[in-house]
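Trainee: Residue numbers (the numbering used here), protein chains in the order written: chain C, 25 to 518; chain Z, 6 to 486.
Starting off with a structure, shown below.
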Amino acid sequence: MKNELLHRTVSELSKLMDSGELSAVELMRAVIARTKEVDGRVRAFNSFDEEDALSQARASDQFRSKSPRGARGRPLEGIPIGLKDVIAVAGQPLTASSRMLEGFVSPYDATVTQKLKAAGAVCWGRLNLDEFAMGSSTENSAFGPTSNPWDLERVPGGSSGGSAAAVAAGEAVATLGSDTGGSIRQPAALCGVVGLKPTYGRVSRYGLIAFASSLDQIGPFARSVGDAATLLGVISGHDRRDSTSVDLEVPDYGRAVAELGKSGRKWRLGIPREYFGEGLDPEVGAAVQAAIDEYRRLGAEIREVSLPHTKYAVGAYYIIATAECSSNLARYDGVRYGHRSKDARDALDLYFKSRAEGFGAEVKRRIILGTYVLSSGYYDAYYLRAQKVRTLIRRDFLEAYKQVDAIVTPTAPTPAFRRGEKAANPLAMYLNDIYTIGVNLAGLPGISLPCGFTRSGLPIGLQVIGQPFKEAELLAVARAYEERSDWGSRRPQL
Amino acid sequence: MNYEAVIGLEVHVQVKTRSKMFTRVAAGYGEPENTLTDPVVLALPGTLPVMNKEALDKVIRAGLLLGCEIAPLCKWDRKNYFYPDSPKNYQISQYDQPICRGGSVEIELPGPARNVMGEHRQVALTRIHLEEDVGKLNHGEGESLVDFNRAGTPLMEIVTEPVIRSADEAFAYLTALKTVMIYGEISDCDMEKGQLRCDANISIRPAGATALGTKVELKNLNSFSFVRDGIAHEIRRQVAVVQGGGKVAQETRDYDGQTGASQSLRSKEMAHDYRYFPDPDLMPVQVDEAWKQRIRSECPELPFDRQRRLQAELGVPYTITSVLVPDRRLCDFFEEAARLSGKPQAAGNWIANDLLRELGAAKLPLEESKVRPSHISGLVGLVDGGVILSNAAKEVFVEMFRTGEAPEAVVARMGLRAGTDQGELERWCAEAIAGDPKSAADFRGGKETAINAFKGPVMRAAKGKADPKRVDETLRRLLAG
Chain C
25 MKNELLHRTV SELSKLMDSG ELSAVELMRA VIARTKEVDG RVRAFNSFDE
75 EDALSQARAS DQFRSKSPRG ARGRPLEGIP IGLKDVIAVA GQPLTASSRM
125 LEGFVSPYDA TVTQKLKAAG AVCWGRLNLD EFAMGSSTEN SAFGPTSNPW
175 DLERVPGGSS GGSAAAVAAG EAVATLGSDT GGSIRQPAAL CGVVGLKPTY
225 GRVSRYGLIA FASSLDQIGP FARSVGDAAT LLGVISGHDR RDSTSVDLEV
275 PDYGRAVAEL GKSGRKWRLG IPREYFGEGL DPEVGAAVQA AIDEYRRLGA
325 EIREVSLPHT KYAVGAYYII ATAECSSNLA RYDGVRYGHR SKDARDALDL
375 YFKSRAEGFG AEVKRRIILG TYVLSSGYYD AYYLRAQKVR TLIRRDFLEA
425 YKQVDAIVTP TAPTPAFRRG EKAANPLAMY LNDIYTIGVN LAGLPGISLP
475 CGFTRSGLPI GLQVIGQPFK EAELLAVARA YEERSDWGSR RPQL
Chain Z
6 MNYEAVIGLE VHVQVKTRSK MFTRVAAGYG EPENTLTDPV VLALPGTLPV
56 MNKEALDKVI RAGLLLGCEI APLCKWDRKN YFYPDSPKNY QISQYDQPIC
106 RGGSVEIELP GPARNVMGEH RQVALTRIHL EEDVGKLNHG EGESLVDFNR
156 AGTPLMEIVT EPVIRSADEA FAYLTALKTV MIYGEISDCD MEKGQLRCDA
206 NISIRPAGAT ALGTKVELKN LNSFSFVRDG IAHEIRRQVA VVQGGGKVAQ
256 ETRDYDGQTG ASQSLRSKEM AHDYRYFPDP DLMPVQVDEA WKQRIRSECP
306 ELPFDRQRRL QAELGVPYTI TSVLVPDRRL CDFFEEAARL SGKPQAAGNW
356 IANDLLRELG AAKLPLEESK VRPSHISGLV GLVDGGVILS NAAKEVFVEM
406 FRTGEAPEAV VARMGLRAGT DQGELERWCA EAIAGDPKSA ADFRGGKETA
456 INAFKGPVMR AAKGKADPKR VDETLRRLLA G
């Protein structure tokens, strides 16, 4: 039973706990044992606190025994949920996988953390990432790379590589990550799990270490579309502490998806021609095409659509994201917390040395780029123009949505690549996000779900892009395919 | 050659709010170091700003009071620079779309004498915007400590056009601005607490020229008189540079009010590139007509408008209004006393002279005064009705101030009622005339001043409680008869 547990979904585990066949402590023990067994190889976690997790699990069991009805109102009761190490949990380390924040312990909870706790979840461990969420391979972590559970020589994607790998390897039932240009969807694709980036504003960013404020969004990794829906329901909603969170009612996503599934609605799906061109790995292209064919068999109407400004997305993204990050990361200065250089002579020297020592190469590269594009005399040519491109990209999508309900694309152009393969070439690395970046620029929801494997056994991800705040429809489209496929049941051999 | 100065002022005013600009922790002064902080103030990883509506309300109120145009959208920008007192190393501010544009501050220039009203004119404003204050650095031996209590306090920056011509005008501007801020309950403007800070941009040019000269920014002008002295000093310095054949360099200078000297802080080449861009953490806030209307309905009468009204409608002289008007609560107190008594001038005299003197001596604020407008009104009534004499009234006031008793009660308790028995007064007058036939004859013979000879004996007989006016009338009647 123990190994079985490790790949069950939230809904299956909840049923086991509701019926008394399983306790939260037993589940937590199994997850801890699995993590200890495999994480030396996978390295999904920056850190975890067994005792703390078990004590949360015991509290959950007590809550369930005292108020069994209450547990039913708490959709994640006793479920171990891993958190990307950019999401604050009071009393736990918060490092962003950076030397800059090594040893920093958050004194406060992120809003999503509070929501997870209120839903009964056990906050389990700190998951690795590319430093400050900047990267697509989790190789930029100051604490060492995470491996892809399907092939330990390969990257899990990034930046939320730890969050994706932990779910794939059975080290957590579900996890949270953050997505700025694909940082949830791309690692989900590369690790063969489900990853959802909600609409910008759906989930509070309070307590998420900012990379690029206008693009960042927290979202779940899970073993099934249904679990992703459950987690989305828990973490969504307006937050008075985040002015960019939107005050819209949060539907019961699980029920909404089930109802949409039963309704027999014929989805109109758009296939953007710009997403199937040069650079797309043939095996990935074939798997995505097969998924589109499956949709057609399901009765969906498949239409080719055009997103004409796609070719400008990567350029605009690397201007906007770096501009925002150059300002967001200014607070890491060695004055109040975090790394402080030991031999600084004065304030200026303290900044120079602390930041030179604390930040890794990719973070520095982006801070320099962002500082440059915001400089006096360059602002109009870069930042302002990029914002205009962003508007055009959003308009492309909204135009397409006049014809279709959702858009289907590959998540990433290639399956998981080898560690070190792209590390020396930032541009090649940036192009890994070519299909995911537009979604962030347009503020749309997007999901990646498994749609096949390469001949060498690497997972392939299908991306479905939805309309603003219509996550229920997006999930229903994804669920329709998931129901007809079996990819999620495969396990990596570890 | 004669030179004229061109001065623009940038005044930072802390907005008086319960909480800070972008978080719920309290704003305040004088608390132990780093106690008015929270994760947002300290810019801990993951924290986000949320706008304080009260601060925006108050800046809109300031804008409406000063006749500014209020922007339909309140938009926020980041001003990026590194300094240890700035927790995020950027300041949330307003760059290209300030909440208020235009408007002006009415000022009063020094009059020819203290009791004569000076010339009034308008100082045009460029803009008012809202931002957040920074922390405070305390430099010690070999180390510097930061106190973040002030960090994140709402701060507005009020920028004038380059239209101020002298140090005196700058002083008058600050005085007028402060009064309006206090009237609008926007800020207390206590410079000692850093609630108002002033930087001046100063240039000179040949008198009558239209082109602007090279400007120098003068910083750390931390009292109104330092502003005046610092500007006067800088004008002299620039004139001396130019007359000596030199050129004024564009720079920022630091003025030391103690030594009366200034020194260069940084040159134009060292100016910051602040890399302003819209703050992606804050959504622009729409300010619609209803919002503005609500705030307009809360706006008080402007101080100079009030002064004109008191002078024109109530006939209160400048010497009194110039004392009462700058203090909104004192002037409210006065208007209440004037209304109750129906005698604005008399009430004004009591408040501007006696009440302020007693409050000053007792070191009490007006709020703690036991004398209320009803006391003033009662006292004015007693004097006016001849119940007490003015020198007795002074005593009544002091006693009232001490005890809070009603004036009638003080008069009764202390027996200060004026001798009002006409029969008794006539008898004293008759006795005085009978006792000095020579003076009586002199008076009747046309020597007007001879009447004064009787007044001393009458007052002595009345033990000072006789009304001099009535004594005079009675004597004249008896002498004529």
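Quick reminder that beta carbons are idealized off the backbone N, C-alpha and C, glycines included.
Quantities reported herein were computed from a predicted structural model and do not represent experimental measurements.
1. Quick check: is the beta carbon of P492(C) nearer than 9 Å to any beta carbon in chain Z?
2. Only counting runs of 3 or more residues, tell me where the beta strand (DSSP E) segments fall wholly within the segment 424-450 of chain C, in order along the chain.
3. Which residues in the same chain as E124(Z) place their Cβ atom closer than 8 Å to its Cβ, once the five residues preceding and following it in sequence are excluded?
4. With burial defined as no fewer than 16 other Cβ atoms inside 10 Å of the residue's Cβ, what is the status of K93(Z): buried or exposed?
5. Measuring only between beta-carbons, confirm whether G309(C) sits less than 9 Å from chain Z.
6. Evaluate M453(C) with the Cβ neighbour count: other Cβ atoms within 10 Å of its Cβ, from every protein chain shown; 16 or more gives buried, anything less gives exposed.
7. Could you compute how far the alpha carbon of E155(C) sits from the alpha carbon of G205(C)?
8. Entirely within the segment 135-194 of chain C and at least 3 residues each: give me those beta strand (DSSP E) ranges in chain order.
9. Determine whether the Cβ of F309(Z) lies closer than 9 Å to any Cβ atom of chain C.
10. Out of V476(Z), S444(Z) and T28(Z), which has the shortest C-alpha to C-alpha gap to E429(Z)?
11. Does the segment 279-295 of chain Z come within contact of the segment 79-99 of chain Z, defined as at least 3 CB pairs closer than 8 Å?
12. Please classify R132(Z) as buried or exposed, where buried requires at least 16 other C-beta atoms within 10 Å of its C-beta.
13. Distance check for G201(C) and S400(C), CA to CA, integer angstroms please.
14. Considering only residues of the same chain and omitting the five flanking positions on each side of A447(C), which have a CB-CB separation below 8 Å?
15. Got a sec? Which residues, its chain only, sit under 7 Å from L125(C) by beta carbon, not counting five neighbours each side?
16. State the DSSP-derived secondary structure class of A10(Z), mapped to helix, strand or coil.
17. Would you check if the segment 281-297 of chain C and the segment 327-335 of chain C touch, i.e. whether three or more CB-CB distances between them fall below 8 Å?
18. Going by DSSP in three states, N554(Z) sits in which element: helix, strand or coil?
19. Measuring only the C-alpha atoms, how far is G218(Z) from M6(Z)?
20. Checking contacts by CB at 9 Å: is F128(C) closer than that to chain Z?
21. To the nearest angstrom, how far is the alpha carbon of G450(Z) from that of R432(Z)?
22. Using Cβ-Cβ distances below 7 Å, what residues of the segment 407-427 of chain C are close to chain Z?
23. For T184(Z), which residues from the same chain have a beta carbon less than 6 Å from its beta carbon, with the 5 sequence-adjacent residues on both sides left out?
24. Measure from the alpha carbon of R514(C) to the alpha carbon of each residue in A193(C), Y342(C), G309(C) and L372(C), then state which is nearest.
25. Counting C-beta neighbours from all protein chains within 10 Å, is the total for I325(Z) 16 or more, i.e. buried, or is it exposed?
26. Taking C-beta pairs closer than 8 Å, name the residues in chain C that Y95(Z) reaches, listed in chain order.
27. Three or more beta-carbon pairs under 8 Å between the segment 231-245 of chain Z and the segment 265-279 of chain Z, yes or no?
28. Pick out the complete alpha helix (DSSP H) segments inside the segment 396-465 of chain Z, 4 residues or longer, and give them in chain order.
29. Determine the burial state of D138(Z): buried for a count of at least 16 other Cβ atoms within 10 Å of its Cβ, exposed for fewer.
30. Where does S304(Z) sit, in a helix, a strand or coil, going by DSSP?
31. Helix, strand or coil, according to DSSP, for M25(C) in the structure here?
32. At a Cβ cut of 7 Å, what residues of the segment 89-114 of chain C count as close to chain Z, listed as they run along the chain?
33. In angstroms, rounded to a whole number, what distance separates the CA positions of K141(C) and D82(Z)?
34. State the beta-bridge partners of V258(C) as determined by DSSP.
35. Using the rule of at least 16 other Cβ atoms within 10 Å of the residue's Cβ for burial, across every protein chain shown, is N70(C) buried or exposed?
36. Determine, for E348(C), whether the minimum Cβ-Cβ distance to residues of chain Z falls below 9 Å.
Mentor: Put simply:
1. In the first sequence, the residue the question calls residue 492(C) occupies position 468. With 9 Å as the cut-off, P492(C) does not count as an interface residue toward chain Z.
2. Unbroken beta strand (DSSP E) stretches of 3 residues or longer found wholly inside the segment 424-450 of chain C: 430-434, given in chain order.
3. Locating residue 124(Z) in the second sequence gives position 119, counting from the first residue. Non-local C-beta neighbours of E124(Z) in its own chain, meaning closer than 8 Å and more than five positions away in sequence, comprise E113, L114 and G116, ordered along the chain.
4. Reading the second sequence from its first residue, position 88 is the one you call residue 93(Z). By the 10 Å Cβ count, K93(Z) comes out buried.
5. Translated into the one-based positions of the first sequence, residue 309(C) becomes position 285. Chain Z contact via Cβ: absent.
6. As a position in the first sequence, residue 453(C) is number 429, starting the count at 1. Under this definition M453(C) is a buried residue.
7. The count along the first sequence starts at 1 and reaches residue 155(C) at position 131. The count along the first sequence starts at 1 and reaches residue 205(C) at position 181. The alpha-carbon atoms of E155(C) and G205(C) are separated by roughly 15 Å.
8. You should have 146-151.
9. Residue numbering aside, residue 309(Z) sits at position 304 when the second sequence is read from its first letter. No, F309(Z) does not count as interfacial toward chain C.
10. Locating residue 429(Z) in the second sequence gives position 424, where the first residue counts as 1. When each option's Cα is compared against that of E429(Z), the closest is V476(Z).
11. Flag = yes, the segment 279-295 of chain Z and the segment 79-99 of chain Z touch.
12. Numbered from its first residue, the second sequence carries residue 132(Z) at position 127. By the neighbour-count rule (16 or more Cβ atoms within 10 Å), R132(Z) is buried.
13. Looking up residue 400(C) in the first sequence gives position 376. Looking up residue 201(C) in the first sequence gives position 177. One C-alpha to the other measures close to 35 Å.
14. If you number the first sequence from 1, residue 447(C) lands on position 423. The residues are S161, E163 and M453.
15. As a first step, residue 125(C) is located in the first sequence; it is residue number 101 there, counting from the start. Around L125(C): L118, T119 and G362.
16. Position 5 of the second sequence, counting from 1, holds the residue named residue 10(Z). DSSP places A10(Z) in strand when its eight states are reduced to three.
17. Short answer: they touch.
18. In the structure as shown, chain Z begins at 6 and stops at 486. Residue 554(Z) is therefore absent and cannot be evaluated.
19. Sequence index remark: in the second sequence, residue 218(Z) carries index 213 (1-based). Sequence index remark: in the second sequence, residue 6(Z) carries index 1 (1-based). Those two C-alpha atoms are separated by around 15 Å.
20. Position 104 of the first sequence, counted from the first residue, corresponds to residue 128(C). Answer yes: the Cβ-Cβ gap between F128(C) and chain Z drops below 9 Å somewhere.
21. Translated into the one-based positions of the second sequence, residue 450(Z) becomes position 445. Translated into the one-based positions of the second sequence, residue 432(Z) becomes position 427. Approximately 23 Å, taken between the alpha carbons.
22. Of all residues in the segment 407-427 of chain C, Y407 have a Cβ within less than 7 Å of some Cβ in chain Z.
23. As a position in the second sequence, residue 184(Z) is number 179, starting the count at 1. Excluding residues up to 5 positions away in sequence, P308 and P331 lie with their Cβ nearer than 6 Å to the Cβ of T184(Z) in the same chain.
24. In the first sequence, counting from the first residue as 1, residue 514(C) sits at position 490. A193(C) is the residue among A193(C), Y342(C), G309(C) and L372(C) whose C-alpha sits nearest the C-alpha of R514(C).
25. Taking the second sequence and counting its residues from 1, the one referred to as residue 325(Z) is at position 320. When all chains shown are included, I325(Z) counts as buried.
26. Reading the second sequence from its first residue, position 90 is the one you call residue 95(Z). In chain order: S351 and A354.
27. Because the criterion of three Cβ pairs below 8 Å is met, the segment 231-245 of chain Z and the segment 265-279 of chain Z touch.
28. Complete alpha helix (DSSP H) runs here, min 4: 412-419, 427-439 and 442-449.
29. Residue mapping note: residue 138(Z) aligns to position 133 of the second sequence, counting from 1. It is buried - the Cβ of D138(Z) has at least 16 other Cβ atoms within 10 Å.
30. Your numbering for residue 304(Z) matches position 299 in the second sequence. Looking at the sequence itself, residue 304(Z) is Cys, so the reference to Ser does not match. Three-state result, C304(Z): coil.
31. Counting from 1 along the first sequence, the entry for residue 25(C) is found at position 1. The pLDDT assigned to M25(C) is 43, lower than 50, so where the model puts this residue is not dependable, and the model offers no usable value.
32. Of all residues in the segment 89-114 of chain C, A112 have a Cβ within less than 7 Å of some Cβ in chain Z.
33. Within the first sequence, residue 141(C) is the residue found at index 117, counting from 1. Within the second sequence, residue 82(Z) is the residue found at index 77, counting from 1. Each residue's alpha carbon lies about 35 Å from the other.
34. Taking the first sequence and counting its residues from 1, one reaches residue 258(C) at position 234. Bridge partners of V258(C): none, in fact.
35. Mapped onto the first sequence, residue 70(C) falls at position 46. By the C-beta density criterion, N70(C) is buried, having at least 16 other C-beta atoms within 10 angstroms.
36. For the purposes of this step, residue 348(C) is identified with residue 324 of the first sequence, where counting begins at 1. Yes, E348(C) lies at the interface with chain Z (some Cβ there is under 9 Å from its Cβ).
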